[in-house]
DNA sequence: CCAATTTTGTACTGACCGATACACAACCAA
DNA sequence: TTGGTTGTGTATCGGTCAGTACAAAATTGG
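Residue numbers (our numbering), protein chains in the order written: chain A, 21 to 213; chain B, 21 to 213.
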């Protein structure tokens, strides 16, 4: 047909994701994105149309990646309570490994809220899927008797997601791992049987 | 001595605060700040030195205001558990009244992390004071037997502050008041006797 | 080898960024 | 009234912003 790409599109999205993740949407310039991806301006705009469109791509990429990892933990072995504990441990480890950048979705929600465009849609979709995943785990926990009954799974899922967000913000302000583990433990104590 | 100011400095800080609060630090331009405060560029720079310095002023102003309000609730009447419940109710009402802008401190933490300057110092100071206030309330709750014993007040304070941050993010993504109340209630159930 | 098609590099666009220079207006002390 | 001092308005600074124009380069099917 014509001249082929000289780069891997997914790898470029991944690189752009790290740039946005580290600096936030507004503070990341198109120049930053070129340097992060190694692409020229032409290639960036030819492939991704605009800064916002590329950001939306990175968001959905981040979301899919994060959901897959979380799903692997929440559908793993052990009781639902065990799996939730593992999820929190994983989150804290992740923060320590990734320089306390927080969660791209949480950071974006705080910076932009839910904008009335595709970015907002991506944020909403991620939230819905997180809640669905957590809600399913809660339902399983009621059955395996590791989680308390009495609240709707949806409410407990909201509580867990809120705790996740709280931990992400906590990490962002540099709280100690011990403090974060204590918070996760206290949150778990509210839902375990 | 010389020509007097034609504006109230505190009122200008308050206006700038709302601009930063609504749009975030990076997305708020000096032009926005001039329009929000009603001042000319000269007056802004003559009075506040730089955009960042003005932002730091708005942060400390916001923090002092928020801490005063929270202190009034947490040192009010009733058991410690009652006061914590009132705090959460107040937070949710506040979010609904203020167009789900979240908390300026939480939004800034998510957007900037803890920068190595006076802004970072202001963020740290606010966190410390929030934790101190919450910790004191927890200590009182152990004494009046409305709160569970067994965790250190510092850990419980971290949990409560994390829940507050979580609720702020939750509000930012447009969660329903019912869902937020359910989260606050579940968090309270983890700490009440 | 040649057209057709797409990617790439370079240069550039107008707009806006944060910040400043400077003249002038407005006040106070004397 | 005058001199000193400070606030204000206007015009502007160099730099960077997101985005584009366009020609050269690289590939395919014919």
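No residue lacks a Cβ here, since even glycine has one placed at the ideal position from N, Cα and C.
Neighbourhood of residue i by C-beta distance below 7 Å, restricted to the same chain and skipping five residues each side
i, result
"residue 162 (chain B)", "169"
"residue 107 (chain A)", "90, 93, 94"
"residue 195 (chain B)", "none"
"residue 84 (chain B)", "none"
"residue 44 (chain A)", "127, 131"
Same chain, Cβ closer than 8 Å to residue i, neighbours up to 5 away in sequence not counted
i, result
"residue 46 (chain B)", "131"
"residue 81 (chain B)", "30, 33, 34, 37"
"residue 120 (chain B)", "191, 192, 194"
"residue 122 (chain B)", "115, 188, 189, 191, 192"
"residue 226 (chain A)", "Past the edges of chain A, shown from 21 to 213, lies residue 226 (chain A), and the structure says nothing about it."
"residue 166 (chain A)", "99, 100, 101, 102, 212, 213"
"residue 164 (chain B)", "99, 100"
"residue 151 (chain B)", "174, 177, 178, 181"
"residue 208 (chain B)", "101, 104, 105, 108"
Cβ-based burial, residue i [other Cβ within 10 Å; buried from 16]
i, result
"residue 56 (chain B)", "buried"
"residue 70 (chain A)", "exposed"
"residue 21 (chain B)", "exposed"
"residue 48 (chain A)", "buried"
"residue 216 (chain A)", "Since the first residue of chain A shown is 21 and the last is 213, residue 216 (chain A) is not available in this structure."
"residue 127 (chain A)", "buried"
"residue 60 (chain A)", "exposed"
"residue 68 (chain B)", "buried"
"residue 27 (chain B)", "exposed"
"residue 171 (chain A)", "buried"
"residue 50 (chain B)", "exposed"
Short CB-CB distance (under 9 Å) between residue i and chain B
i, result
"residue 215 (chain A)", "Outside the shown range of chain A (21 to 213) lies residue 215 (chain A), about which nothing can therefore be said."
"residue 216 (chain A)", "Not covered by the structure: residue 216 (chain A). The range shown for chain A is 21 to 213."
"residue 39 (chain A)", "no"
"residue 46 (chain A)", "yes"
"residue 256 (chain A)", "No answer is possible for residue 256 (chain A): the residues shown for chain A start at 21 and end at 213."
"residue 172 (chain A)", "yes"
"residue 131 (chain A)", "yes"
"residue 209 (chain A)", "yes"
"residue 202 (chain A)", "yes"
"residue 101 (chain A)", "no"
"residue 107 (chain A)", "no"
9 Å Cβ cutoff, residue i in contact with chain A
i, result
"residue 34 (chain B)", "no"
"residue 181 (chain B)", "yes"
"residue 213 (chain B)", "no"
"residue 110 (chain B)", "no"
"residue 156 (chain B)", "no"
"residue 175 (chain B)", "yes"
"residue 96 (chain B)", "no"
"residue 186 (chain B)", "yes"
"residue 194 (chain B)", "yes"
Whole-angstrom distance between residue j and residue i, CA atom to CA atom
i, j, result
"residue 7 (chain A)", "residue 178 (chain A)", "Past the boundaries of the shown model lies residue 7 (chain A); chain A is included only from 21 to 213, so the question cannot be answered."
"residue 114 (chain A)", "residue 25 (chain B)", "51 Å"
"residue 118 (chain B)", "residue 125 (chain B)", "15 Å"
"residue 201 (chain A)", "residue 199 (chain B)", "25 Å"
"residue 62 (chain B)", "residue 186 (chain A)", "40 Å"
"residue 133 (chain A)", "residue 157 (chain A)", "27 Å"
"residue 145 (chain A)", "residue 58 (chain B)", "40 Å"
"residue 64 (chain A)", "residue 64 (chain B)", "38 Å"
Rounded distance between the beta-carbons of residue j and residue i, thought under 8 Å
i, j, result
"residue 111 (chain A)", "residue 129 (chain A)", "With 8 Å as the limit, residue 111 (chain A) and residue 129 (chain A) do not qualify as a contact, their Cβ atoms being about 16 Å apart."
"residue 87 (chain B)", "residue 181 (chain B)", "That pair is no contact at about 12 Å."
"residue 53 (chain B)", "residue 74 (chain B)", "7 Å"
Any non-hydrogen atom of the ligand FAD closer than 8 Å to residue i Cβ
i, result
"residue 26 (chain B)", "Of ligands this structure carries none, so the ligand FAD is not represented either."
Cut-off 6 Å between Cβ atoms - residues of its own chain near residue i, not counting five sequence neighbours on either side
i, result
"residue 76 (chain B)", "138, 139, 142"
"residue 183 (chain B)", "207"
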